[in-house]
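Scroll down for the structure; my scribbles are underneath it.
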Amino acid sequence: MRQLRLAVVVAGADLRRRLRNRSAVVVAFIGPLSLGVVFSVLVGGASGRTFEIGVVDLDGSAASTEFVASLVAANAEQDQVRFTPIEGDGQRSEARRRIDEGDLGAAIVLGQGFDSIEVLRDPEQPVTGQVAESVAQSIASGYERVRVSVATTATLGVTPSAEVMAAAGGAPPALTLEDRAVGGRELSPGAFYGASMAVLFLFFTVGFAARSVLAERQTGTLARQLATPATPGAILAGKTLSVAVLGFAGFVTVWLVTSVLFGSPWGDPVAVVALMAATVLAVAGVATFVASLARSERQADAATAVTAFVLALLGGNFVGPNLPPLLRRLSVLTPNGWALRSFTALNTDAAGLREILTSLGVLTGMGVVFGALGVVRVRRVMLR
Amino acid sequence: MNRLRAATAFTFVVLRQMVQDRTALFFTVALPIAIIVIIGTTFGGEGRIRVGLVVEQNSDIATRLEDRLADADGVEVVRYDTADELRRAVRRFSVEAGLVVPADADALLAGTGAAGIGLLTLGASEDTVAVRRTLQGVIDDVGAPLGAAVFAATQAGVPLDEALARADAAADPAGGAGGITVTTTDVGDGIDRNVGRFAFTAPQNLVLFTFITALTSATVLVRARRSGILRRALASPTGLGVQLAGMAAGWFTLCLLQSVLIVMVGAVAFGVPWGDPVAASLLVVTFALVGCGAGLLVGAIGANEDRVGAITPIVGMVLGALGGCMVPAEIFPPSMLMVARMVPHYWAMRAWQSLIFDGAGLGAIAGDLAVLAVAGAALVVVATLLMRRSLLAGR
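Order-wise, the sequence lines are chains A and B.
Residues 249 to 632 (this note's numbering) make up the first sequence, in order.
Residues 1460 to 1854 (this note's numbering) make up the second sequence, in order.
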């Protein structure tokens, strides 16, 4: 009981010192907030973009003209893809020129005889290219449908007259995509990048504990602390408690500010707080372990920074919620990956406290295992 | 001559300190290259789309769709048992889109001549539009023989099954002879070029990290200044001017070395086509000047090492993000584009994109180079004046 009280005293003293040193405030509060906000504004603003696709008709037949007209007519129904017909002599060169100049992201060129379609795309705009390619694929499929319709009808004894061809062309598609409601809430970039940057900066905040032991050993203040009735365990617990409080406070600040600023809550508050606590614990464990491997404060600084960035890279902090397959697998090995996946699920209402219990368990487990290893090592350093 | 030697010696001191510091090496060389590799490998290519699929009841349509999805380039299919599970997966970003084949799909087709496949997507981001279009292409492809069969069955008055068997026989599975072939060509300043997947991320990280390193390594300067080492050096015969010149040369060389290293690794290991060598070299040099000026400025005004160490990486990342090093500036909202223009990174990225993607020459990026050169020179002059003042005042 007495040691617990001493640990709290150490924590209080440590926390006061950290708050006086403005760099801790920068790392805990200003860093994650500013990066979270910048990312959210940049990525959030990106959704309103329109794909500009040119259409060149080198065939000039009735069928191809009709296709071009139907594409342009579709402009009115969709905001995000706009087709622009390019006419006159040298249309293909004109399309290339406009892609070069950035007016268009891609162009669909209907070939002479309408037996080929070429997609011209700007390598700087791969997504527009992808959209243009699938539009071309749909045109090809539509053509194929008419061709197979006429051929099949012919095998059933119906003469392929002009009327039959026209009717085949005008027949509605047999398969259509029907939008269904996904429900829940759309992921807010503010919530995702807020959480993402908060997790990244946690490494630096909670890494302070083990580092400060090394620093105090170098300056000799550690020996003086050990001369007091406080045991090494209580001193270490106090230091860890102080940085955990700082890290948690930073996390909560980012949560509140991004929620208010972007008008999007992160999800069920109880689950969010539980997840934050588990994340702080996991990161504290890993950071303490990493710092405990170092021999000097400088080495600990370096090891923490390198670990923070490597885990952030593998965990998807810089990538966004939609991880590519390789990263999806690697992210499971990092506390960042577990935390971000659950923050995303909470934010979109895809999960509540019950659904994130596995994540909470894994994060807590990581914290306890790495933390225990780290504490054993740091204690040894203290008593050396 | 002596002065030159003294300035060079100062440059070497700066560089030696950086090379001996293994963390600094990690951040200057290993981290940028790791990011180029990770982001390049996962995003630079055509990209794989993960599509969730729910088949409420086995049917002919479901089998056709599954087969077509399995063949589709860049599509990975994940099966779910119920539409609810799929909904949750879409919301959690476990898959980018979901398709639901309803239990009565075959019956609907036979009865009404059309069947709907449920599509679950989230939001209206550009990725969603691309995924949606890709799936529309798949559905149109699967639907082609089905539509033909429905049409033929109506025209000839035969059962749908019989018409479908004939339509499948008439359809060309390869989409080749008889059908329309679809080809893709990349367009760049009059020449068709297939730039690699790393061509997007390599310049972004080159610009981002050159600047971050210049800023963060300024802790060395702050330490030297605050501890009085620089002031003591003033007592030596070299003089203030030589010292300042040595510092500037040191930071400039540091930025230059890091840039050259990233450019070389990018070109050799990942085949990044950096473009016209003269223009690219000038771009590297002018941006190194900007980095040098910014580093010196931090060294001149930094209050203490701790704070500089904490703040500079954040400033570097924020400026990098604003300048288009993380999200391309083309997709910035207009208001942010105004902000981006105030950041040197923006001009450097613009120039790199012209060089790499458009095959542009020196003339095309002259404006960007001029902006960078003026910004760099201004930063160096201001930083040198401030450094001179603080050294003379003993701060």
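Each residue gets a CB set at the ideal place from its N, CA and C atoms; glycine is no exception.
Here the structure is a predicted model, which is why all the values come from computation and not from measurement.
Considering only residues of the same chain and omitting the five flanking positions on each side of A/Leu319, which have a CB-CB separation below 7 Å? Indexing the first sequence from 1 puts residue 319 of chain A at position 71. So the qualifying residues of the chain are Val303 and Phe331.
Since B/Thr1644 sits in a beta bridge, which residues does DSSP pair it with? One-based indexing of the second sequence puts residue 1644 of chain B at position 185. BP columns for B/Thr1644 point to A/Leu368.
Starting from B/Glu1515, find everything on chain A with Cβ-Cβ shorter than 7 Å and list it in chain order. Here residue 1515 of chain B is taken as the residue at index 56 of the second sequence, counted from 1. Result: empty, since nearest Cβ-Cβ is about 12 Å, beyond 7 Å.
B/Leu1781, enclosing alpha helix (DSSP H) - first and last residue: Residue numbering aside, residue 1781 of chain B sits at position 322 when the second sequence is read from its first letter. That run of the alpha helix (DSSP H) goes Glu1764 to Leu1781.
Alpha carbon of A/Glu464 to alpha carbon of B/Ile1770, nearest angstrom: As a first step, residue 464 of chain A is located in the first sequence; it is residue number 216 there, counting from the start. As a first step, residue 1770 of chain B is located in the second sequence; it is residue number 311 there, counting from the start. Their backbone Cα atoms lie some 23 Å apart in a straight line.
Three-state class that DSSP yields for A/Glu342 in the structure shown: Working through the first sequence from its first residue, we reach residue 342 of chain A at position 94. Here A/Glu342 sits in helix by DSSP.
Chain B contact for A/Leu605 (CB, 9 Å cutoff): In the first sequence, residue 605 of chain A corresponds to position 357, counting from 1. Judged by the 9 Å Cβ criterion, A/Leu605 is not in contact with chain B.
Cβ contact (3+ pairs, closer than 8 Å) linking the region 516-530 of chain A and the region 597-615 of chain A: yes
What does the alpha-carbon distance come out to for the pair A/Ser444 and A/Arg346? Taking the first residue of the first sequence as 1, we reach residue 444 of chain A at position 196. Taking the first residue of the first sequence as 1, we reach residue 346 of chain A at position 98. So the alpha carbons of these two residues sit roughly 39 Å apart.
Three-pair Cβ contact test at 8 Å for the region 1474-1485 of chain B versus the region 1512-1526 of chain B: no
Exposure label - B/Ala1636; buried when at least 16 CB within 10 Å: As a working note, residue 1636 of chain B is residue 177 in the second sequence. Residue confidence for B/Ala1636 is low, a pLDDT of 43 falling below 50, so the modelled location carries little weight; the figure read from the coordinates is stated next. Exposed, by the Cβ-count rule.
Residue range of the unbroken beta strand (DSSP E) whose run includes A/Phe331: The residue labelled residue 331 of chain A in the question sits at position 83 within the first sequence. First-last of the beta strand (DSSP E) with A/Phe331: Val329 to Ile334.
Cα-Cα separation between A/Ser512 and A/Pro437, rounded to whole angstroms: On the first sequence, residue 512 of chain A is found 264 positions in, with the first residue counted as 1. On the first sequence, residue 437 of chain A is found 189 positions in, with the first residue counted as 1. Looking at the two C-alpha atoms, the distance is approximately 9 Å.
B/Gly1577: first and last residue of the uninterrupted beta strand (DSSP E) it sits in: Here residue 1577 of chain B corresponds to residue number 118 of the second sequence, with the count starting at 1. It spans Ala1574 to Thr1580 - the beta strand (DSSP E) in which B/Gly1577 sits, taken as one unbroken run.
Does any C-beta atom of chain A lie closer than 9 Å to the C-beta of B/Gly1634? For the purposes of this step, residue 1634 of chain B is identified with residue 175 of the second sequence, where counting begins at 1. With a pLDDT of only 45 at B/Gly1634, under the threshold of 50, the placement of this residue in the model should not be trusted; the figure read from the coordinates follows. It does: the Cβ of B/Gly1634 has a partner Cβ on chain A nearer than 9 Å.
For A/Val617, the nearest candidate out of A/Arg393, A/Phe277 and A/Val534 (CA to CA): Here residue 617 of chain A corresponds to residue number 369 of the first sequence, with the count starting at 1. The residue with the shortest Cα to Cα distance from A/Val617 is A/Val534.
Out of B/Val1777, B/Asp1645 and B/Ala1823, state which residue places its alpha-carbon closest to the alpha-carbon of A/Thr376. The residue given as residue 376 of chain A occupies position 128 in the first sequence. The residue with the shortest Cα to Cα distance from A/Thr376 is B/Asp1645.
Give the DSSP-derived three-state secondary structure of B/Ile1639 in the structure shown. Counting from one through the second sequence, the residue named residue 1639 of chain B turns up at place 180. Coil.
Counterpart residues of B/Val1514 in DSSP-defined beta bridges: Residue numbering aside, residue 1514 of chain B sits at position 55 when the second sequence is read from its first letter. B/Val1514 pairs with B/Val1560.
Between the region 262-273 of chain A and the region 540-555 of chain A, do at least 3 Cβ pairs fall closer than 8 Å? no
Count Cβ pairs between the region 1759-1779 of chain B and the region 274-283 of chain A that sit closer than 8 Å; are there 3 or more? yes
Quick one: grab the DSSP three-state call for A/Glu426. Taking the first sequence and counting its residues from 1, one reaches residue 426 of chain A at position 178. In this structure, A/Glu426 counts as strand in the three-state DSSP scheme.
Do A/Phe449 and A/Ala553 have their C-beta atoms closer together than 9 Å? Indexing the first sequence from 1 puts residue 449 of chain A at position 201. Indexing the first sequence from 1 puts residue 553 of chain A at position 305. No, the pair does not count as a contact, with Cβ atoms beyond the cut-off.
Cβ-Cβ distance between B/Glu1544 and B/Val1590 below 9 Å: Within the second sequence, the letter at position 85 stands for residue 1544 of chain B. Within the second sequence, the letter at position 131 stands for residue 1590 of chain B. Contact: no.
Does the beta-carbon distance from B/Leu1680 to B/Gly1750 come in below 9 Å? Position 221 of the second sequence holds residue 1680 of chain B. Position 291 of the second sequence holds residue 1750 of chain B. No; because the gap between Cβ atoms is not below 9 Å, this pair is not in contact.
Give me the subset of the region 1596-1626 of chain B whose CB atoms are less than 7 Å from a CB atom of chain A, sorted by chain position. Gly1596, Ile1598, Asp1599, Asp1600, Val1601, Gly1602, Ala1603, Pro1604, Leu1605, Gly1606, Ala1607, Ala1608, Val1609, Phe1610, Ala1611, Gln1614, Ala1615, Val1617, Ala1622, Arg1625 and Ala1626
Does DSSP classify B/Glu1535 as helix, strand or coil? Stepping through the second sequence from its first residue, residue 1535 of chain B is reached at position 76. If DSSP states are grouped into helix, strand and coil, B/Glu1535 belongs with the strands.
B/Val1573 versus chain A: which residues are under 8 Å apart at the beta carbon? Stepping through the second sequence from its first residue, residue 1573 of chain B is reached at position 114. It is Ala, not Val, that sits at residue 1573 of chain B in the sequence shown. Here the neighbours are Pro420, Pro421, Ala422, Leu423 and Thr424.
Name, please, each residue of chain B whose Cβ falls closer than 8 Å to the Cβ of A/Tyr391. On the first sequence, position 143 is the one that residue 391 of chain A refers to. Result: Gly1638 and Ile1639.
If we ignore side chains and look at the alpha-carbon of each, how far apart do B/Arg1546 and B/Arg1800 end up? Taking the second sequence and counting its residues from 1, one reaches residue 1546 of chain B at position 87. Taking the second sequence and counting its residues from 1, one reaches residue 1800 of chain B at position 341. About 41 Å.
Please list, in chain order, the residues of the region 556-569 of chain A that have any C-beta partner in chain B closer than 9 Å. Phe557, Val558, Leu561, Leu562, Phe566, Val567, Gly568 and Pro569
When we look at the beta-carbon of B/Gly1705 and count the other beta-carbons within 10 Å, is it buried (16 or more) or exposed? Your numbering for residue 1705 of chain B matches position 246 in the second sequence. So B/Gly1705 counts as buried.
Taking a contact to mean a Cβ-Cβ separation below 9 Å, would you say A/Gly390 touches A/Ser288 in this structure? By 1-based counting over the first sequence, the position of residue 390 of chain A is 142. By 1-based counting over the first sequence, the position of residue 288 of chain A is 40. In this structure, A/Ser288 does not lie closer than 9 Å to A/Gly390 by Cβ.
Kindly indicate which three-state DSSP category A/Leu598 falls into: helix, strand or coil? Here residue 598 of chain A is taken as the residue at index 350 of the first sequence, counted from 1. In the sequence under discussion, the amino acid at residue 598 of chain A is Ala, which differs from the Leu named in the question. It is coil, neither helix nor strand.
Suppose contacts are defined by Cβ-Cβ distances below 9 Å. Is B/Leu1844 in contact with B/Val1757 by that definition? Locating residue 1844 of chain B in the second sequence gives position 385, counting from the first residue. Locating residue 1757 of chain B in the second sequence gives position 298, counting from the first residue. No.
Establish whether the CB of A/Arg266 and some CB of chain B are separated by less than 9 Å. Taking the first sequence and counting its residues from 1, one reaches residue 266 of chain A at position 18. So no, A/Arg266 is outside the interface.
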